[in-house]
Amino acid sequence: MRSERMCGLARFVMGLSATAGQNAAVQWFERTLDDSAPRRLVLPQAFLATDAQLVLFANIAGGLVVLPGAIRRNLENQLPFLASERILMAASKAGGDRQTLHEALRRHSHAATAGIREGRSNDLADRLATDPLFAGIDMAQAMEPQGLVGRAAAQVEEFIAGPVQSMLTAHPRRAVLSALRV
Numbered sequence: 012m013r014s015e016r017m018c019g020l021a022r023f024v025m026g027l028s029a030t031a032g033q034n035a036a037v038q039w040f041e042r043t044l045d046d047s048a049p050r051r052l053v054l055p056q057a058f059l060a061t062d063a064q065l066v067l068f069a070n071i072a073g074g075l076v077v078l079p080g081a082i083r084r085n086l087e088n089q090l091p092f093l094a095s096e097r098i099l100m101a102a103s104k105a106g107g108d109r110q111t112l113h114e115a116l117r118r119h120s121h122a123a124t125a126g127i128r129e130g131r132s133n134d135l136a137d138r139l140a141t142d143p144l145f146a147g148i149d150m151a152q153a154m155e156p157q158g159l160v161g162r163a164a165a166q167v168e169e170f171i172a173g174p175v176q177s178m179l180t181a182h183p184r185r186a187v188l189s190a191l192r193v
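If you want it as structure tokens, here you go:
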């Protein structure tokens with residue numbers, strides 16, 4: 012519910028840009044009354060609504076709990092689907108016809124999805140492992156999760172060590188959370 016409020020406020024703020032854009036397009040900063048009235052409304056509303064979004068975000072993010080077991084389980088359940096492109100590319104490099112492989116992968120994916128919807132576990136990896144079209148690849152390597160994230164871990168570390176740390180160092184007392192009022 013708080014996230015929905017935050018999204019609603021974001022839509023409101025984005026909508027305010029249309030009024031500001033109209034002011035800029037037709038007034039040329041002449042300082043007439045039809046210019047100043049929208050300006051008096053748009054600027055405070057934009058700042059207040061953005062502040063409310065930040066308060067909501069801090070409230071939501073402050074209560075987040077990371078559940079490594081649940082993350083691991085969800086990753087394992089979805090990994091065959093996430094790695095389907097890598098599986099397809101590995102099978103193509105091993106000499107398979109890309110179109111034939113793609114059709115087989117699509118067929119197996121749809122069958123696995125149908126099984127999941129009926130309450131069974133995801134058997135896509137087993138289906139592909141027993142399909143002769145995919146026999147020439149190392150399925151474990153193709154489904155290695157680290158191969159799916161690229162530089163994400165390094166980028167997060169760089170961001171935390173750079174801009175985030177410099178802001179926290181420059182403003183040590185600014186990280187105080189407000190009470191939820193929106």
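Everything in the sequence shown is counted per the working numbering, starting at 12 for the first residue and increasing by one.
Every residue gets a Cβ at the ideal spot worked out from N, C-alpha and C, and that includes glycine.
Cβ-based neighbour list, residue i, same chain, cut-off 6 Å, excluding 5 preceding and 5 following
| i | result |
| --- | --- |
| A31 | V53 |
| I127 | N133 |
| A165 | none |
Option in the options with minimal Cα separation from residue i
| i | options | result |
| --- | --- | --- |
| Q64 | S95, D46, P79, V24 | V24 |
| C18 | A123, L139, A29, A60 | A60 |
| G26 | R16, R51, Q56 | Q56 |
| A140 | I98, T111, V160, Q33 | I98 |
| H113 | A105, E41, M100, P143 | M100 |
| S14 | R42, T43, L67 | L67 |
| T111 | R128, L144, A151 | L144 |
| R16 | Q166, D62, A151, E129 | D62 |
| A151 | S95, E41, G80 | S95 |
| A6 | P174, V167, K104, Q166 | Not covered by the structure: residue 6. The range shown for the chain is 12 to 193. |
Where residue i falls, given that 16 or more other Cβ within 10 Å makes a residue buried
| i | result |
| --- | --- |
| A102 | buried |
| G107 | buried |
| I148 | buried |
| R162 | exposed |
| A123 | buried |
| L20 | buried |
| R138 | buried |
| P194 | No answer is possible for residue 194: it lies beyond the span of the chain, which begins at 12 and ends at 193. |
| P174 | exposed |
Residue range of the unbroken alpha helix (DSSP H) whose run includes residue i
| i | result |
| --- | --- |
| G19 | 13–38 |
| G80 | 79–93 |
| G147 | Element bounds for G147: n/a, residue is neither H nor E. |
| P49 | 44–73 |
| G126 | 109–128 |
| L135 | 135–141 |
| Q176 | 176–181 |
| A164 | 163–170 |
Proximal residues to residue i (C-beta, below 7 Å), its chain only, five neighbours per side dropped
| i | result |
| --- | --- |
| R22 | none |
| N34 | D46, P49, R50 |
Within the chosen definition, does the segment 62–79 reach the segment 108–127 through at least 3 CB pairs nearer than 8 Å?
no
Contact between the segment 152–171 and the segment 79–91 is defined here as three or more beta-carbon pairs at a separation below 8 Å; is this criterion met?
yes
Closer than 8 Å is the cut-off here; do at least three beta carbon pairs connect the segment 174–184 with the segment 128–136?
no
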